[in-house]
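Trainee: First the structure, which I've put down as structure tokens, then a few questions once you've had a look.
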DNA sequence: AGTTATTTAATTGTCTGGCATTTAAATGGC
DNA sequence: GCCATTTAAATGCCAGACAATTAAATAACT
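Protein chains in written order, with the working numbering: chain A, 1360 to 1602; chain B, 1360 to 1602.
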């Protein structure tokens, strides 16, 4: 392994890329131990701090994990869906907040993706998924619930719907879309009347899912999308008038 | 800012988290300059190498960029969709290869998501999107094309379809699903007959898109999914018999 | 005065060397 | 054979230094 010291990229970035490529290509496999930091600095002909910076880059992407002690070192990490979730959500959240994506666009994407899960979920959802959704509906109808808690429950409800499709890849992809919307949703203050309407649609959704009725689920989601969008629009309108 | 030296997490990880949280919460805004490494090491009461490791972690997630020189430093990076794409693809690819996701599951997720874009794309696709797709179809019918090139063209074709929906959030979410499939698709060797069938379905898809016919697009995608799945199944079958 | 060349200061990038901490294995005593 | 101790290997962290880069301040020259 050799590194070009005349490249405009950092040495640590080059080394990280070199190792990352080896992981992606399959040259390094899960749980395999990388050479020690001292050995790596020999191989790449750089100092140990530089190697360490490279390893931290990889650790930030959950590509490796490190362990101290005699048999320690850096190991290729088995990237799990559970680990990838938060990163996906963080990235999606920042993308939305930094790129001035309109509420409509984000909402459209979210419901478009979610509706695609409806047929599968209507087919495969288990009793557990249904129970989770009913429980969240119940929580949502509690009076003293804060807006944040209401939104969190909303996320949990929709996640159960998505998970009902029984496809982990789908769940992963949807996590970003659904959870990243939460900060945006939190900006909307839900009145008691709005909550009742949302709960009504959630109940219709759960009923349809219980009856394995894909069309009904889809209709409920469409209803939610249009209601949410209109709600957001009127909230924005009010704010503009006040200011 | 204070860091707990007794936590089981690395100091650099804690510092990175502290800064990352400040970015997510909006305390640090785009293009804002972080304190210099020397100042940060004072503030967090750690050494400069430790601060640097923290900054490299953030750089690995494209959350900051650094610049050398008198007015240099670390700046909060505006995370763009373009930057986020490759990371999303890398993560999706590794998730598939490390978690023994079956071809069927991955394929189902990919086409489920893609079909959800069909109605929007049939409504909004521009002439450009259509031209890209026609061009890719033409490339796919070239005789001497390698399997890799054929798959790459396939990806470009489907990406044009997704982009046609005119929703950047949707395009971003789909990028992972579509592109991460490519390595799996590459494992299938396409015979001339298979390619002809795929091109036929692509043509039908483009025709339906040109006619703003959402149902037609959806049908073509459904056809592609079942054809691809069956193809993969028979390839796996043959391999098993040989071995 | 205006323009160009030079110096200076600030900052990141990298290296050397070292010590602290953690962990498992080797060693030794019973 | 079992338990306590030592040892060695590895990561985690630090101090200090120098190199490279960059922009601004300064000086020199026309």
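Glycine is no exception: its CB is placed at the ideal position from the N, C-alpha and C atoms.
These numbers were taken from a predicted model, which means no experiment stands behind them.
1. Give the DSSP-derived three-state secondary structure of residue 1426(B) in the structure shown.
2. Where does residue 1366(B) land, buried or exposed, given buried means 16+ other C-beta within 10 angstroms?
3. When DSSP labels each residue in this structure, what does residue 1434(A) get in the three-state scheme?
4. Quick check on residue 1590(B) - is its C-beta less than 8 Å from some C-beta in chain A?
5. What are the boundary residues of the alpha helix (DSSP H) that residue 1528(B) is part of?
6. If we count the other Cβ atoms within 10 Å of its Cβ and call it buried at 16 or more, is residue 1397(A) buried or exposed?
7. I want to verify the contact list: residues of chain B whose CB lies under 8 Å from the CB of residue 1412(A), in sequence order.
8. If you follow the alpha helix (DSSP H) that residue 1462(B) is part of, which residue opens it and which one closes it?
9. Less than 8 Å between the C-beta atoms of residue 1579(B) and residue 1564(B), yes or no?
10. How many Å lie between residue 1416(B) and residue 1384(B) at the Cα?
11. Taking residue 1555(A) as the reference, which of 1444(A), 1497(A), 1427(A) has the closest Cα?
12. Starting from the beta carbon of residue 1408(A), find every residue of chain B whose beta carbon is closer than 7 Å, and list them in chain order.
13. Answer yes or no: does any C-beta atom of chain B fall closer than 8 Å to that of residue 1570(A)?
14. Going by Cα to Cα distance, which pick from 1480(B), 1546(B), 1520(B) is closest to residue 1505(B)?
15. Whether or not the segment 1565-1572 of chain B and the segment 1536-1545 of chain B are in contact is what I'm after, with contact meaning three or more pairs of Cβ atoms, one per stretch, closer than 8 Å; do they touch?
16. Evaluate residue 1420(B) with the Cβ neighbour count: other Cβ atoms within 10 Å of its Cβ, from every protein chain shown; 16 or more gives buried, anything less gives exposed.
17. In the DSSP output, which residue or residues are listed as bridge partners for residue 1392(B)?
18. Could you compute how far the alpha carbon of residue 1382(A) sits from the alpha carbon of residue 1432(A)?
19. Would you report the Cα separation of residue 1598(A) and residue 1487(B), rounded to the nearest angstrom?
20. Express the C-alpha separation of residue 1434(B) and residue 1424(B) in angstroms, rounding to a whole number.
21. Could you confirm whether any beta carbon from chain B is found closer than 8 Å to the beta carbon of residue 1598(A)?
22. Could you compute how far the alpha carbon of residue 1379(B) sits from the alpha carbon of residue 1479(B)?
23. Specify the secondary structure class of residue 1548(B) as computed by DSSP and reduced to three states.
Mentor: The structure says:
1. strand
2. Its Cβ having fewer than 16 others within 10 Å, residue 1366(B) is exposed.
3. strand
4. Answer no: the Cβ-Cβ gap between residue 1590(B) and chain A never drops below 8 Å.
5. 1527-1545
6. By the Cβ-count criterion, residue 1397(A) is exposed, with fewer than 16 other Cβ atoms from all chains shown falling within 10 Å of its own Cβ.
7. 1411, 1412, 1415
8. 1462-1483
9. yes
10. 18 Å
11. 1497(A)
12. 1408
13. no
14. 1546(B)
15. With a cut-off of 8 Å, the segment 1565-1572 of chain B and the segment 1536-1545 of chain B do not count as touching, because too few Cβ pairs lie within range.
16. buried
17. 1434(B)
18. CA-CA distance, residue 1382(A) to residue 1432(A), rounds to 16 Å.
19. 38 Å
20. If I take the Cα positions, the gap works out to 5 Å.
21. Taking Cβ atoms only, chain B never reaches closer than 8 Å to residue 1598(A), which makes this a no.
22. 35 Å
23. coil
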